[in-house]
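Note that numbering that gives the first Met the number 0 numbers the sequence shown so that position 157 is 156, with each residue one more than the last. Below is one structure, written out as structure tokens; the observations come after it.
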Amino acid sequence: MIDGHYRTFHFNLPLKNSTNASLIFVLHGSGGNGIKSMKGTSKLLDIANKENLIILFPDGYLKNWNECRKNAPAAANVENIDDNTFFSKMIDYCGTKYFINRQKVFAIGTSGGGHMVYKLAMTMPEKFKAITAIVANLPEANNMDCIEKKMPIAVMIINGTNDPTNPYNGGISAKNKGLVVSTDDTFHYWATVNGYNGEPKKEDLPDLQPDGKTIEKYTFKQKGKPEVVLLKVINGEHNNPKDIDVFLESWNFFKRQ
């Protein structure tokens with residue numbers, strides 16, 4: 000029960016007597032739910048016991064999150080649902096019942112879920128080690144209704160250059176949810192928060208699927224600072240690229256932190 004509303008979540012059962020597990024939240028997009036978001040994470044779930052992971056799939060309020068886009072018309076935003084307390088309580092639940100390592104809490108979000116993980120990183124970064132935001136950009140200043148702590152946190156962004164829902168170069172996000180900044184500006188926002196300047200390292204990932212889409216990887220990485228990565232999916236749309244498994248890629252990124 001959070002702020003007068005019952006909230007629900009789903010997760011894999013860890014091995015008996017496991018301790019010190021990492022906790023990974025996987026957040027669905029707008030209109031989705033936790034059960035549906037489990038379907039695409041089979042490879043991550045397959046290694047959960049080996050890697051000592053608890054993978055938790057929360058349900059948004061009426062299928063949406065109260066993220067940082069001021070103009071989002073969903074009830075979660077209009078009613079100002081207390082999602083931050085929801086996430087804090089889920090972390091407490093896993094800490095009390097499964098003895099997770101609270102220094103290894105991560106979040107992966109897609110689309111509206113990507114906007115929500117940005118909110119977690121901006122408003123409660125002390126509880127998260129790293130996030131991955133997929134097909135999501137930060138809101139433009141006049142569309143931002145979160146108070147930013149601007150604390151260093153590792154961030155990976157995976158966005159497509161031909162995404163009509165989350166425009167890579169910024170603009171109106173789909174369904175009248177207001178303006179978002181570009182992916183490059185989003186990437187450099189987090190780089191600045193983490194104390195980087197100059198240019199990131201660039202590399203091309205292997206093109207494993209001949210589908211006309213390729214991935215450029217841009218990395219800010221320096222000892223003593225959280226890593227910031229952009230996977231730029233050339234010709235990518237509002238979906239996951241086929242050349243990588245975004246959830247395994249996220250876990251490998253999280254482990255490096």
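Glycine included, each C-beta is placed from N, C-alpha and C at the ideal position.
Environment of residue i [buried if 16+ CB atoms lie within 10 Å]
i: Thr84; result: exposed
i: Ala20; result: buried
i: Ala71; result: buried
i: Arg6; result: buried
i: Leu119; result: buried
i: Asn251; result: exposed
i: Ile146; result: exposed
i: Lys128; result: buried
Between the CA atoms of residue j and residue i - distance to the nearest angstrom
i: Gly223; j: Asn239; result: 31 angstroms
i: Glu202; j: Pro225; result: 19 angstroms
i: Gly211; j: Asp45; result: 29 angstroms
i: Asn161; j: Val25; result: 24 angstroms
i: Ile1; j: Lys149; result: 26 angstroms
i: Trp64; j: Asn76; result: 7 angstroms
i: Glu50; j: Pro13; result: 10 angstroms
i: Asp206; j: Gln221; result: 27 angstroms
i: Asn100; j: Ile90; result: 10 angstroms
i: Glu198; j: Lys216; result: 13 angstroms
i: Glu248; j: Lys126; result: 21 angstroms
CB of residue i within 8 angstroms of CB of residue j, strictly
i: Pro138; j: Cys67; result: yes
i: Ile54; j: Phe10; result: yes
i: Met143; j: Lys69; result: yes
i: Thr18; j: Phe98; result: yes
i: Gln256; j: Ala106; result: no
i: Ala74; j: Leu61; result: yes
i: Lys231; j: Asn158; result: yes
i: Phe186; j: Ile156; result: yes
i: Gly59; j: Ser110; result: no
For this session: Counting only runs of 4+ residues fully inside the region 40-90, write out the alpha helix (DSSP H) ranges in chain order.
Result: 41-45, 47-50 and 74-77, all fully within the region 40-90.
Exercise. Would you call the region 163-170 and the region 192-206 touching, i.e. three or more CB-CB distances under 8 angstroms?
Worked result: Too few Cβ pairs lie closer than 8 angstroms, so no.
For this session: Determine contact between the region 131-145 and the region 169-181, defined as no fewer than three beta-carbon pairs at a distance below 8 angstroms.
Result: Yes, since at least three Cβ pairs between the region 131-145 and the region 169-181 fall closer than 8 angstroms, the two stretches touch.
For this session: Would you mind listing the alpha helix (DSSP H) stretches within the region 130-201 that are 4+ residues and don't spill past its ends, in chain order?
Result: Here the runs fully enclosed are 182-192.
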